[in-house]
Amino acid sequence: MVFLKKLTRKKFWPIQIYRNLIIQISKNPFNVLGIETSCDDTGVAIVNSSRQIIYESIQLQHDIHEQNGGIVPSLAMKSHQIHLPRVINEALIGGKLDIVKDIDVIAVTRGPGLPGCLGIGLSAAKTLAAVLGKPLIGVHHMASHALTARLTHTELIPFPYLTILISGGHTLILVTNGINKHIQLGTTIDDSVGEAFDKIARLLKIPWLKGRGGGPGAALEQFAIGGKSDKFQIPIPMRKDQQRRKEMNFSFSGLKTCIQQLVQKQNLNLEDEQVKKDLAAGGVASNKSIRASLEKLANERYNIPLISPPSHLCTDNGVMIAWTGVERFREGLIDEYNIDHIPKWSIEDLSK
Ligand code: KG4
Ligand code: ZN
């Protein structure tokens, strides 16, 4: 895309001027390099405009954070700093692509996330894009989770659809009307569902599962397999709060307190029941029990199919960022080289 390269090098042209031109240019095949460093995964991938994942590489940080019982931002940042150049290099070598000749667009997570961690990915992406004269796209992390299934499902899922985003940082029910149009119907009033999993895994001293799809939440899922669901009385959050239920909001901090009390009261010795360390699982959305309940609800009550990305693409990765880059580029939504990270960023603000 030589023409586009010349354009992005012209310093003083406002990006709006390019928009229609980019929409035209993006009708040709193109490749996007995506970089994700918003939390504890250093993820890089190359995705093309034909909905193909050319190559993906990732560096996990479970070994660093497990000993601290949770993600330590300064250590996460340091690890991104150390590993990101190699992970980018691996994606290019693995995909047999030359960054100068074969990569057309650089996409990167701009927010929400841990400020220091976002900064590492963003500086790398901005530098690459500016030096190579390629278009830059800053991506909203949660929007990219909501768009991934449009890449991984057999056919392109049309808008609108209902999105249930359950991660370590967020718990959201959204109506996704377009790549930039997400209406928030509900969220958590306290902890996210991922936080509840992580804190309870810590309380129960369950060792984290290793490898892709591992971590504390996945370990708790493995731990619970074969358990008796009626052994302890666990409250259903906000069951009696009609107003909050109408608002479609959630609450998960009470679950943690309840487990804490149970552990204290029963003096449970859970260390004796620890699971094998090296089993693999997926993200909160790939938790088999949660997925089965959601599927049942969607199919039986509302008669709609539940679609979800494969479990390894439910947790953070570079593929979702590269794919969002593909989607945004097609709409001419590129950014200036001087964009900053946005650690707190409502998904609804995208349409403003
Ligand atoms: O999307 P994600 O990788 O990062 C954020 O954007 O926050 O989600 C990470 C969260 C963590 O809280 C992790 O423990 C949880 O997802 N998680 C799980 C499972 N796998 C990961 N929670 C429940 N069951 C799982 N199998
Ligand atoms: Zn995420």
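The sequence shown lines up with residues 1 to 352 when you count with UniProt numbering. Even for Gly, the Cβ is constructed at its ideal location relative to N, Cα and C. Bear in mind that the values here come from a model prediction, so they are computed numbers and not experimental data.
Buried versus exposed call for residue i [16 or more other C-beta atoms within 10 Å across all chains shown]
i    : result
N299 : exposed
E348 : exposed
F232 : exposed
D230 : exposed
L162 : exposed
F159 : exposed
K277 : Only weak support is given to the placement of K277: the predicted model assigns it a pLDDT of 17, under 50, and the question is left unresolved by the model.
E336 : exposed
E155 : exposed
K288 : exposed
N20  : exposed
I236 : exposed
A201 : buried
N269 : Note that N269 has pLDDT 42, beneath the 50 cutoff, so the model's placement of it is unreliable and the number below is only indicative. Exposed, because fewer than 16 other Cβ atoms sit within 10 Å of the Cβ of N269.
N338 : exposed
G213 : buried
A292 : exposed
G217 : buried
N303 : exposed
P135 : buried
Q67  : exposed
N249 : buried
I225 : exposed
K296 : exposed
K228 : exposed
Check whether residue i and residue j have beta carbons under 8 Å apart
i           : j    : result
residue 360 : G318 : Any answer about residue 360 is impossible in this case: the structure gives the chain only from 1 up to 352.
residue 362 : T188 : No answer is possible for residue 362: it lies beyond the span of the chain, which begins at 1 and ends at 352.
L118        : S38  : yes
G34         : A285 : no
I82         : D40  : no
I206        : L220 : yes
L84         : I120 : yes
S192        : G215 : no
V100        : L132 : yes
I166        : G194 : yes
P310        : T176 : no
L128        : N31  : no
G94         : H141 : no
D316        : E36  : yes
I183        : L147 : no
G113        : P343 : yes
H145        : M320 : yes
Residue from the options with nearest C-alpha to residue i
i    : options                : result
I334 : D104, H312, D190       : D104
L172 : D190, G213, P158, N68  : D190
S26  : L136, V44, G332, S346  : G332
H312 : I64, L97, L60          : L60
Y18  : F329, F30, H145        : F329
I137 : P343, E327, K352       : E327
L174 : G133, N287, K126, A143 : A143
D198 : F223, N177, H341, K181 : F223
V47  : K352, N338, T324       : T324
I234 : D102, S346, N249, S253 : S253
K352 : K181, L203, I157       : K181
A45  : Q67, R51, E56          : E56
P29  : R301, M77, L297, D102  : D102
I157 : R51, I22, W345, Q24    : R51
W345 : T257, V139, G227, G226 : V139
Alpha helix (DSSP H) segment containing residue i, residue limits
i    : result
H83  : 73-94
A130 : 115-132
I64  : 62-66
I321 : 318-330
I290 : 288-296
I236 : I236 -> no alpha helix (DSSP H), and no H or E assigned at all.
L220 : 216-224
Beta-carbon separation (whole angstroms), residue i vs residue j, contact threshold 8 Å
i    : j    : result
L350 : I164 : About 18 Å; that fails the 8 Å criterion.
I307 : A149 : 5 Å
H62  : W208 : 5 Å
G116 : P73  : 6 Å
Terminal residues of the beta strand (DSSP E) in which residue i lies
i    : result
L185 : 181-187
E36  : 31-36
T171 : 171-178
Q59  : 53-59
R301 : Careful: R301 lies outside any beta strand (DSSP E) and carries neither H nor E.
V108 : 105-111
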